[in-house]
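Heads up: the sequence shown is residues -22 to -1, 1 to 215, going by mature numbering (1 follows the signal peptide of the UniProt record, and there is no 0).
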Amino acid sequence: MRVPPWLTFLFSVILQALPTLSDTNVQDTSGLSGIAANWDTKPSNWDGNDPCGDKWMGIICTGDRVTSIRLSSLGLSGTLSGDIQSLTELMYIDLSYNKELSGSLPASIGTLSKLQNLILVGCSFSGEIPKEIGQLSNLIFLSLNSNKFTGTIPPSLGSLSKLYWFDLADNQLTGGLPIFDGTNPGLDNLTNTKHFHFGMNQLSGTIPRQIFNSDMKLIHLYDQPNSPAHNCVKLLF
């Protein structure tokens, strides 16, 4: 029996659609696969091509988009690749206490415009803190402490106007605390930040008085024990 042409066409359309029958946006799937490809170890059930539908460990979705990565203390090793930029709906990243995660942070992390929490404490990331993090206009919680970051604190971090928690302690940072100079932002612009932690670094100079301007809502400032300002301030209420 001859198969009608319309039926052949219908079958071809259905077959073409089958690979896309997934609960996860294809861009997000590609991004997570790219991230995993740069890890020597990965979460046990990160297989297939449907992170949301298959409920990959540590992945939280809203609809078909990945909105949260929570992979703390899983013994992950490797680097964080630029594929992170594909996850454009991300609001939460927690890779904390994976000591074998190392290398520099990709500048493309600054394109995640919806990101509110970036928690990388207790890893081994190194190199300079990307100035592009200052583009994360919705960031509330920034925890980069206990890594191996070097260089100076990027003035661009002073653009994080919604930031509540700011922790750069226990790294290898040098230089002073950046202050608004009329052109470039500074930490004194962070008027909504209540917690500043930058002790256990190699910072120099005193804490600029602008940090304590009248518009700030500072609760806690932790500086380094051997700094000239250490005896001047610890807790503010």
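Ideal placement from N, C-alpha and C gives every residue a C-beta, glycine not left out.
The model shown is predicted, which means the values in this text are computed figures rather than measured ones.
task: Kindly provide the ranges of any beta strand (DSSP E) runs that are 3 or more residues long and lie completely inside the region 46 to 116, ordered along the chain.
output: 70 to 72, 78 to 81, 95 to 97, 102 to 106
task: Kindly confirm or deny that the region 2 to 15 and the region 27 to 37 touch, where touching means at least three C-beta pairs closer than 8 Å.
output: yes
query: Does the count of Cβ pairs from the region 33 to 40 and the region 87 to 100 closer than 8 Å reach three?
result: no
field: Rounded distance between the beta-carbons of Lys109 and Ser134, thought under 8 Å
entry: 4 Å
message: For a test of the three-state rule: what should DSSP assign to Thr7, helix, strand or coil?
response: helix
- request: Return helix, strand or coil for Ala37, following the three-state DSSP convention.
  value: One point to set straight first is that residue 37 is Ile, not Ala, in the sequence displayed. Note: Ile37 maps to strand in three-state DSSP.
- prompt: What number of angstroms, rounded off, separates the C-alpha of Leu10 from the C-alpha of Thr128?
  reply: 28 Å
- request: Decide if Lys20 is buried, meaning its Cβ has at least 16 other Cβ atoms within 10 Å, or exposed.
  value: buried
message: Output needed for Leu122: all residues of its chain with C-beta closer than 8 Å, excluding positions within five of it in sequence on either side, in chain order.
response: Leu96, Leu98, Val99, Phe103, Ile107, Asp145, Leu146, Asn149
task: Might you give, ordered along the chain, the residues of its own chain that have their beta carbon closer than 6 Å to the beta carbon of Ala85, omitting 5 neighbours on each side?
output: Pro108, Glu110
message: Pop quiz: residue 217 and Leu120 are said to be a contact at Cβ under 8 Å. What is the actual Cβ separation, rounded to whole angstroms?
response: This structure gives no information on residue 217, because the portion of the chain shown stretches from -22 to 215.
- prompt: What residues are listed by DSSP as bridge partners for Thr152?
  reply: Gln180
message: Please return the same chain residues whose Cβ sits closer than 8 Å to the Cβ of residue 223, not counting the five positions on each side in sequence.
response: As shown, the chain starts at -22 and ends at 215. That puts residue 223 outside it, with no answer to give.
Start-to-end residues for the beta strand (DSSP E) that takes in Asp18: 17 to 19
message: For Asp72 and Ser46, I'd like the C-alpha separation in whole angstroms.
response: 8 Å
query: Heavy atom of the ligand HEM less than 7 Å from the Cβ of Thr161, yes or no?
result: The ligand HEM is absent from the structure shown, which contains no ligand whatsoever.
Nearest-angstrom beta carbon gap, Leu165 and Asp183 [assumed within contact, 8 Å]: A small correction: the amino acid at residue 183 is Gly; Asp does not occupy that position in the sequence shown. Wrong, their Cβ atoms sit about 13 Å apart, outside the cutoff.
- request: Identify which residue in Leu49, Gln63, Ile131, Leu68 has its Cα closest to the Cα of Lys77.
  value: Leu49
- prompt: Does DSSP put Gly31 in a helix, in a strand, or in coil?
  reply: coil
field: Presumed contact (8 Å Cβ cut-off) between Asn16 and Gly56, rounded CB distance
entry: 5 Å
field: Selection from Gly177, Asn167, Asn179, Leu138 that minimises the alpha carbon distance to Gln188
entry: Asn167
task: Check each candidate in Pro186, Cys101, Gly53 and name the one with the smallest Cα separation from Phe158.
output: Pro186
- prompt: Which word fits Gly177, buried or exposed, when buried means at least 16 other C-beta atoms lie within 10 angstroms of its C-beta?
  reply: buried
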